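Residue numbers (this note's numbering), protein chains in the order written: chain S, 4 to 216; chain C, 773 to 867.
Notes follow once the structure below has been shown.
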Amino acid sequence: MRGFEARGGEAVATLDDEERLVIGRIVADVAGLLGAEPFGLEIEEHGTTASDIDDPFEYLRGLEESIKEPSDPAILRLLPNAAPTDREVSDEFRRLTDGELRATKIRRLRRIWEELSGTTDEWVVPADEALATAAALTDVRLVLASRLGLATDEDAERLHSEIDLATHALETDDEHTLPIDPERVWLGMLYQALTWLQETLVEYVAGTEETDV
Amino acid sequence: MGIDEQLEREGGVATRLDDVWVTIVWNDPVNLMSYVTQVFQTYFHLPREVAAQRMREVHENGRSVLSSGPREKMEVDVQAMHSYGLWATMQRSGE
């Protein structure tokens, strides 16, 4: 994996087949949590293009009486209560914004998924989509962080040391003597990889703004 | 909420100049400092240095007030922050 670098008017990262597959899958999963149709199945199963079935009720959502707070803590983090101490303000905000926020987030995730579903190793992000792509990476990282129980800065630091320990144990063939939860280590490493990719993409955005001035 | 009640409330809010709300961004363990700075710079049109200072406020004090104004405007700002994955809330100024 190579992080994002500027090339012409674009940011380009390099990912191998497995990396593209894994990131494409988690991106599609997060979109699914937000209520998207499964990515990739639309065309085969329905014979329609993605945009045809892109939530025809999006603009009707605002007319609904109320929209419930998400019960999944990961989705609640993506669509938080706008006023935790004022139910009326929170409900009103959710009624007005829930449909549009979900549609925006799903659109950005879909763009990443489509880019990673191609046949080249390069992940190309045009300059004017770089910050939106970084935002989608944040959404994916927020969901992973919720699954990993990262609630504080200390939790995040502990995860990093756990993974260092696990990596070391694997390298020295010592994995049976340490209490390692393989799923946690795997999700943690994916989280770290996405963090690093996002960091390089944000660096790219900051770099383009400097040259604009 | 009935329509009359809603109209009355929204009409009332719109005419009260002293009804000032604020948008607050809270610290979280996921968002990168560089990303938060970039979002503040891009969305609130802050100079880089000011954006970075607000980001440090969020990181070190746990929260920072990013904007203030009428409730409807704060709803727009909070929605934008949520679209970027930042943890933002709104409340009446001084509450």
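Glycine included, each C-beta is placed from N, C-alpha and C at the ideal position.
If you're wondering where the values come from, they're calculated on a predicted model, not measured in any experiment.
Determine, for residue i, whether the minimum Cβ-Cβ distance to residues of chain C falls below 7 Å.
{"i": "residue 3 of chain S", "result": "Not covered by the structure: residue 3 of chain S. The range shown for chain S is 4 to 216."}
{"i": "residue 83 of chain S", "result": "yes"}
{"i": "residue 7 of chain S", "result": "no"}
{"i": "residue 144 of chain S", "result": "yes"}
{"i": "residue 208 of chain S", "result": "yes"}
{"i": "residue 86 of chain S", "result": "yes"}
{"i": "residue 159 of chain S", "result": "yes"}
{"i": "residue 205 of chain S", "result": "yes"}
{"i": "residue 21 of chain S", "result": "no"}
{"i": "residue 153 of chain S", "result": "yes"}
{"i": "residue 94 of chain S", "result": "no"}
{"i": "residue 156 of chain S", "result": "yes"}
{"i": "residue 202 of chain S", "result": "yes"}
{"i": "residue 18 of chain S", "result": "no"}
{"i": "residue 197 of chain S", "result": "no"}
Our contact map puts residue i next to residue j with C-beta atoms below 8 Å; I'd like the distance itself, whole angstroms only.
{"i": "residue 815 of chain C", "j": "residue 852 of chain C", "result": "5 Å"}
{"i": "residue 183 of chain S", "j": "residue 172 of chain S", "result": "6 Å"}
{"i": "residue 113 of chain S", "j": "residue 34 of chain S", "result": "6 Å"}
{"i": "residue 858 of chain C", "j": "residue 811 of chain C", "result": "6 Å"}
{"i": "residue 25 of chain S", "j": "residue 137 of chain S", "result": "Not quite, the Cβ-Cβ distance comes to about 19 Å (not below 8 Å), so this is no contact."}
{"i": "residue 190 of chain S", "j": "residue 150 of chain S", "result": "6 Å"}
Looking at chain S, is there any beta carbon in it that lies within less than 7 Å of the beta carbon of residue i?
{"i": "residue 841 of chain C", "result": "no"}
{"i": "residue 834 of chain C", "result": "no"}
{"i": "residue 853 of chain C", "result": "no"}
{"i": "residue 850 of chain C", "result": "yes"}
{"i": "residue 866 of chain C", "result": "no"}
{"i": "residue 859 of chain C", "result": "yes"}
{"i": "residue 847 of chain C", "result": "yes"}
Give the DSSP-derived three-state secondary structure of residue i in the structure shown.
{"i": "residue 1 of chain S", "result": "Not covered by the structure: residue 1 of chain S. The range shown for chain S is 4 to 216."}
{"i": "residue 867 of chain C", "result": "coil"}
{"i": "residue 206 of chain S", "result": "helix"}
{"i": "residue 792 of chain C", "result": "coil"}
{"i": "residue 838 of chain C", "result": "strand"}
{"i": "residue 40 of chain S", "result": "coil"}
{"i": "residue 102 of chain S", "result": "helix"}
{"i": "residue 188 of chain S", "result": "helix"}
{"i": "residue 72 of chain S", "result": "coil"}
{"i": "residue 860 of chain C", "result": "strand"}
{"i": "residue 848 of chain C", "result": "helix"}
{"i": "residue 802 of chain C", "result": "coil"}
{"i": "residue 121 of chain S", "result": "coil"}
Residue i versus chain A: which residues are under 9 Å apart at the beta carbon?
{"i": "residue 148 of chain S", "result": "Considering every chain present, this structure includes no chain A. Its protein chains are S and C."}
Under the criterion of a Cβ to heavy atom distance below 6 Å, does residue i qualify as lining the ligand PLP?
{"i": "residue 96 of chain S", "result": "With respect to the ligand PLP, the structure shown offers nothing to examine, as it has no ligands at all."}
Give me the subset of the region 796-828 of chain C whose CB atoms are less than 7 Å from a CB atom of chain S, sorted by chain position. 801, 802, 803, 804, 806, 807, 810, 814
Problem - Runs of alpha helix (DSSP H) lying entirely within the region 131-163 of chain S, each at least 4 residues, in chain order - result: 133-150
Practice problem: Residues of the region 120-141 of chain S with a CB closer than 8 Å to any CB of chain C: list them in chain order, please. | Solution: 134, 137, 138, 141
At a CB distance below 9 Å, what residues from the region 95-108 of chain S approach chain C? Give them in sequence order.
95, 96, 99, 100, 103, 104, 107, 108
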